[in-house]
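Enquirer:
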Amino acid sequence: DRCVNLFMELCAGSLQSRMRDNGRPFNHEEAVEITRQVLTAVEYLHSLELVHRDIKPGNVLIGRDGNFKVADFGTATKAKDELVATAGTFRFMAPEVFSGEQYGQACDIWSVGILYLDLVNKLPPPGFVAMPSLVDDLDASQVTLPGGLDQDTHGFLSLCLQMDQTQRPSAATLLHHPFFHTKTESAPGFTRAAGGAVATSAQPGAQQGTTMPERSGSVASDGSDLLPGI
Numbered sequence: 107d108r109c110v111n112l113f114m115e116l117c118a119g120s121l122q123s124r125m126r127d128n129g130r131p132f133n134h135e136e137a138v139e140i141t142r143q144v145l146t147a148v149e150y151l152h153s154l155e156l157v158h159r160d161i162k163p164g165n166v167l168i169g170r171d172g173n174f175k176v177a178d179f180g181t182a183t184k185a186k187d188e189l190v191a192t193a194g195t196f197r198f199m200a201p202e203v204f205s206g207e208q209y210g211q212a213c214d215i216w217s218v219g220i221l222y223l224d225l226v227n228k229l230p231p232p233g234f235v236a237m238p239s240l241v242d243d244l245d246a247s248q249v250t251l252p253g254g255l256d257q258d259t260h261g262f263l264s265l266c267l268q269m270d271q272t273q274r275p276s277a278a279t280l281l282h283h284p285f286f287h288t289k290t291e292s293a294p295g296f297t298r299a300a301g302g303a304v305a306t307s308a309q310p311g312a313q314q315g316t317t318m319p320e321r322s323g324s325v326a327s328d329g330s331d332l333l334p335g336i
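Under this note's numbering, the sequence shown is numbered contiguously, ending at residue 336.
Rendered as structure tokens:
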């Protein structure tokens with residue numbers, strides 16, 4: 107009998123497990139760098155006309171070089187006009203996906219904005235809300251952002267978290283936002299061991315929240331199950 111073997115890069119832990127093991131939120135500079143790497147991966151994914159639909163810490167892995175990598179393409183599909191099926195994790199889900207409207211790649215942009223807020227611990231605890239975080243009214247024109255955000259961060263999140271999906275910029279556009287002008291000395295959230303390896307005993311933990319498989323239709327994947335986050 108013939109079989110197919112898949113050889114993939116070993117990633118020692120996930121961003122979610124790193125958040126748990128750190129015992130503290132990421133600081134702003136760390137969270138900005140993580141967000142930049144994740145958004146870069148999303149930009150590449152979108153250039154392939156794909157939509158991930160489940161961007162969250164549990165689906166961001168840490169490579170041996172310490173860089174962050176978007177993974178888990180179980181809900182990914184081709185970007186197409188007729189996307190209406192609910193898929194993803196409620197806590198990070200864009201309102202148009204949650205409400206069953208037609209949607210596209212902009213749903214990933216929403217999730218990236220929520221990801222940053224989760225990294226710096228500015229979201230309600232998991233399970234506290236039964237609908238997309240920060241959204242009390244699906245008919246509202248914009249979300250209410252938490253206090254204590256600097257001007258660039260507030261501006262970046264205001265773009266990512268536009269209730270009207272057509273008003274969210276592309277990943278390529280957002281990567282040029284002043285939010286990413288923050289300088290970091292090294293990739294955050296881990297410790298480097300001798301030889302440049304990442305010193306961590308963390309294994310990918312349980313998924314954050316509940317992932318909803320697509321309710322109807324099929325899932326299309328475009329090859330790789332792991333995209334570079336840099």
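Note that the Cβ used here is the ideal one computed from N, Cα and C, for glycine as well.
Since the structure is predicted, the reported quantities are computational estimates derived from the model, not experimental observations.
1) Contact between the segment 158-172 and the segment 189-207: three or more CB pairs below 8 Å?
2) So, with DSSP's three-state summary, where would you put serine 120?
3) How many angstroms separate the CA atom of valine 166 from the CA atom of arginine 108?
4) Going by C-alpha distance, which of Tyr222, Val218, Ala191 is nearest glutamate 207?
5) Can you list, in chain order, the residues of its chain with a C-beta nearer than 6 Å to that of serine 217? Leave out the 5 residues immediately preceding and following it.
6) For leucine 221 and arginine 170, which I take to be in contact (beta-carbon distance under 8 Å), what is that distance rounded to the nearest angstrom?
7) Per DSSP, alanine 200 is paired with what?
8) Could you please give the first and the last residue of the uninterrupted beta strand (DSSP E) stretch that includes isoleucine 140?
9) Could you have a look at isoleucine 220 and say whether DSSP puts it in helix, strand or coil?
10) Sort Asn173, Ala193, Asp187, Gly129 by Cα distance to glycine 180 and report the nearest one.
11) Measuring straight from C-alpha to C-alpha, what distance separates aspartate 127 and serine 276?
12) Mark histidine 287 as exposed unless 16 or more other C-beta atoms lie within 10 angstroms of its C-beta, in which case mark it buried.
13) Pull the bridge partners of threonine 183 from the DSSP assignment, please.
14) Is leucine 167 helix, strand or coil by DSSP?
15) What's the call for phenylalanine 204, buried or exposed, on a 16-neighbour Cβ count within 10 Å?
16) Could you check what DSSP says for cysteine 213 in three-state terms: helix, strand or coil?
17) Would you decide whether valine 144 is buried or exposed? Buried here means 16 or more other CB atoms lie within 10 Å of its CB.
18) Excluding the 5 residues preceding and the 5 following alanine 212 in the sequence, name in chain order all residues of the same chain whose CB lies nearer than 6 Å to its CB.
19) Following the continuous alpha helix (DSSP H) through leucine 280, name the residue where it begins and the one where it ends.
20) Restricting to Cα atoms, I'd like to know which of Ala118, Tyr209, Asp187 is closest to alanine 177.
21) Rounded to whole angstroms, what is the Cα-Cα separation between threonine 183 and leucine 112?
Expert: Quick answer:
1) Yes, they touch.
2) As a first step, residue 120 is located in the sequence shown; it is residue number 14 there, counting from the start. Serine 120: strand per DSSP, three-state reduction.
3) As a working mapping, residue 166 is identified with position 60 in the sequence shown. As a working mapping, residue 108 is identified with position 2 in the sequence shown. Taking the straight line joining both Cα atoms gives about 32 Å.
4) For the purposes of this step, residue 207 is identified with residue 101 of the sequence shown, where counting begins at 1. Glutamate 207 has its Cα closest to that of Ala191, out of Tyr222, Val218, Ala191.
5) Along the sequence shown, read from residue 1 onward, the residue named residue 217 stands at position 111. Correct list, in chain order: Ile161, Phe198.
6) By one-based count along the sequence shown, residue 221 stands at place 115. By one-based count along the sequence shown, residue 170 stands at place 64. Leucine 221 to arginine 170, Cβ: 22 Å. No contact.
7) By 1-based counting over the sequence shown, the position of residue 200 is 94. Looking at the DSSP assignment, alanine 200 forms no beta bridge with any residue, so it has no partner.
8) Taking the first residue of the sequence shown as 1, we reach residue 140 at position 34. Not the beta strand (DSSP E): isoleucine 140 falls in the alpha helix (DSSP H), residues 134-153.
9) Counting from 1 along the sequence shown, the entry for residue 220 is found at position 114. Of the three classes helix, strand and coil, the one that applies to isoleucine 220 here is helix, per DSSP.
10) Here residue 180 is taken as the residue at index 74 of the sequence shown, counted from 1. Here the closest residue by C-alpha is Ala193.
11) Taking the first residue of the sequence shown as 1, we reach residue 127 at position 21. Taking the first residue of the sequence shown as 1, we reach residue 276 at position 170. If I take the Cα positions, the gap works out to 33 Å.
12) Start at 1 with the first residue of the sequence shown, and residue 287 comes out as number 181. The residue in question, histidine 287, is exposed, as its Cβ has fewer than 16 Cβ neighbours within 10 Å.
13) Stepping through the sequence shown from its first residue, residue 183 is reached at position 77. Threonine 183 pairs with Val157.
14) Counting from 1 along the sequence shown, the entry for residue 167 is found at position 61. Looking at leucine 167 - three-state DSSP - the assignment turns out to be strand.
15) Taking the first residue of the sequence shown as 1, we reach residue 204 at position 98. It counts as buried.
16) The residue you call residue 213 lines up with position 107 of the sequence shown. In the three-state reduction of the DSSP assignment, cysteine 213 falls in the helix class, which pools H, G and I.
17) For the purposes of this step, residue 144 is taken as the residue at position 38 of the sequence shown. Classification for valine 144: buried.
18) The residue given as residue 212 occupies position 106 in the sequence shown. Excluding residues within five positions, the ones whose Cβ falls inside 6 Å are Gln271, Arg274.
19) Within the sequence shown, numbered from 1, the residue matching residue 280 stands at position 174. From DSSP, the alpha helix (DSSP H) with leucine 280 extends over 277-280.
20) Mapped onto the sequence shown, residue 177 falls at position 71. Of the listed residues, the one whose Cα sits closest to alanine 177 is Ala118.
21) By one-based count along the sequence shown, residue 183 stands at place 77. By one-based count along the sequence shown, residue 112 stands at place 6. Approximately 20 Å, taken between the alpha carbons.
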